[in-house]
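Chemist: Residue numbers (this note's numbering): 333 to 668. I am attaching a structure below and will ask some questions about it afterwards.
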Amino acid sequence: MTKTLLSIALLGLLTTAQASEVNVYSSRHYQSDDQLYAAFTQATGIKVNRIEAKDEELVERLKAEGERSPADVLILADAARLQAAQDAGLLASLDSATLKQRIPEQFREAGNHWFGFSARARVIAYDPGLVSEAQAKNYALLADPAMKGKVCVRSGAHPYNLSLLGAMMVNEGEAKATAWAKGVVDNLARKPKGGDTDQIRAIAAGDCAVALTNSYYYLRLARSSKPEDEKVIERVKMAFPDMAGKGSHVNVSGGGMATNAPHPAEAVKLLEFLATDEAQAYFANGNNEFTVVAGVKLDNPELNAVANFKADVLNAAAIGAKRNEAAKIMDMVGWK
Ligand code: FE
């Protein structure tokens, strides 16, 4: 009898212990995310165990772990990666009235497998001494023969560029998108290398006149008080380019519940927390990303100053779905 009672008590303890944590696999590598998860724990009492690795590693790990995976929530940057994770069967459909109500349709997958929690535009960084603002306000500039030898850009295999090309395929058709990618390759100042920030720095160094970057990388430099970053921003400007009259390509960082989540209730709580005003402000203030929820008060003058740009409203999942076709075009035109 005593033994049984003890077992029940122990079981209760165990259940409580298990129920008060959530395991997050995240490829986001931004410092502001520490505060974000701490705020969640403070609000809910749920402990967050975070495993951080590169997107591909997390996806491979989830696949290898299969049904025994401890992952509850998967967080990835870019719709191309989120859609790939869904197509690999790694994300569960999650019916949350809160998420549907908070996150606009554009930023979530229609079957509720993943949700965007922060948004970023793929913009043009340029040297105003060599390129006019009007020129920089269109992606066509990068493929313009006048820019021969003046374009810096990261690998065409990177999801950020696959998604941009994918959006172009949807908005302008495959032929035009292919011609554009070919035009960019013809204009390269150097072989694609490095991340987006490296391309911005290359403009400041005089290696090229224009580059593609996600908006938050430019804004991070613009908010930096390091003298070397201030010098870069003095020399390099940012423009929100148009695509087919629809505005700038917008992508997301987001996540969903893992298919075999051992703590589904906690996973839902965390995902819903990411859509609160509080969490949205962390993304925007800490990492200079745009909120997906409208009307959140932000303490980020640089971000606020550009937040009303004309943004393409193409659904993020529709963009992610184009990644394989986009990769074929990148291969074909030699954007390595
Ligand atoms: Fe990034």
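Just so you know, even glycine gets a beta-carbon here, dropped at the ideal spot from N, CA and C.
1. For M570, write down the residues that DSSP places opposite it in a beta bridge.
2. Considering only the alpha carbon of each residue, which of A541, T376, A643 lies closest to A520?
3. Less than 7 Å separating the Cβ of N546 from some heavy atom of the ligand FE?
4. DSSP puts R452 in a beta bridge; with which residues?
5. Considering only the beta carbon of each residue, do C484 and R522 sit closer than 8 Å?
6. Give the secondary structure of T591 by DSSP, where H, G and I count as helix, E and B as strand, and everything else as coil.
7. When you compare only the Cα positions, how much space is there between L630 and F372?
8. As an exercise, report each continuous alpha helix (DSSP H) stretch of at least 4 residues that is fully enclosed by the stretch 416-452, in chain order.
9. Mapping the DSSP letters down to three states, classify E506 as helix, strand or coil.
10. Are the C-beta of G448 and some C-beta of chain D separated by less than 8 Å?
11. Helix, strand or coil for T348, going by three-state DSSP, please let me know.
12. Looking only at DSSP bridge pairs, what is K379 linked to?
13. Could you give the first and the last residue of the continuous beta strand (DSSP E) run that contains L390?
14. Below 7 Å CB to CB, which residues in the same chain sit around N546 once its five sequence neighbours on both sides are set aside?
15. Tell me, to the nearest whole angstrom, how far the beta carbon of R655 is from that of A416; I am working on the premise that it is less than 8 Å.
16. Mapping DSSP to helix, strand and coil, what is T529?
17. Quick check: the Cα distance between S364 and S556, rounded to an integer number of angstroms?
18. If you run the structure through DSSP and keep just helix, strand and coil, what is V628?
19. The ligand FE and A409: does any heavy atom of the ligand fall closer than 7 Å to the residue's C-beta?
20. Once the 5 residues before and after V503 are set aside, which same chain residues still bring their CB inside 8 Å of it?
21. From K601, A597, R552, pick the residue whose C-alpha is nearest to that of N619; which is it?
22. Quick one: residues in its chain with C-beta nearer than 7 Å to the C-beta of I661, no 5 flanking neighbours on either side, listed in chain order?
23. Can the beta-carbon of E676 be found closer than 8 Å to that of E397?
24. Would you mind sorting P460 into buried or exposed? The rule is 16 or more other CB atoms within 10 Å of its CB.
25. If the criterion is Cβ atoms closer than 8 Å, does the pair A403 and L394 meet it?
26. When the Cα atoms are used, what is the spatial distance from K386 to S359?
27. Three or more C-beta pairs closer than 8 Å, one from the stretch 589-607 and one from the stretch 422-429: is that the case here?
28. According to the neighbour-count rule (16 or more other Cβ atoms, all chains shown, within 10 Å of its Cβ), is Q350 buried or exposed?
29. Consult DSSP for V564 and reduce its assignment to one of helix, strand or coil.
Modeler: Taking the geometry as given:
1. A457
2. Before going on, a small fix: residue 520 reads as Leu here, not Ala. Ranking A541, T376, A643 by Cα distance to L520 puts A541 first.
3. yes
4. N583
5. yes
6. coil
7. 19 Å
8. 429-434
9. helix
10. In the structure shown, chain D cannot be found, because there is only a single protein chain.
11. Since pLDDT at T348 reaches only 49, below the 50 mark, its modelled position is unreliable, and no value is offered.
12. E353
13. L390 -> not in any beta strand (DSSP E); alpha helix (DSSP H) instead, spanning 387-397.
14. R452, R454, Y492, D528
15. 7 Å
16. helix
17. 15 Å
18. coil
19. yes
20. The sequence shown places Asn at residue 503, not Val. So the list reads M575, A576, K578, D644, L646, once near-sequence residues are dropped.
21. R552
22. L497, A509, T510, A513
23. Limits of the chain in this structure are 333 at one end and 668 at the other, which puts residue 676 out of reach.
24. exposed
25. yes
26. 5 Å
27. yes
28. The pLDDT assigned to Q350 is 49, lower than 50, so where the model puts this residue is not dependable; a value taken from the coordinates is nonetheless given after this. The residue is exposed, with fewer than 16 neighbouring Cβ atoms inside 10 Å.
29. helix
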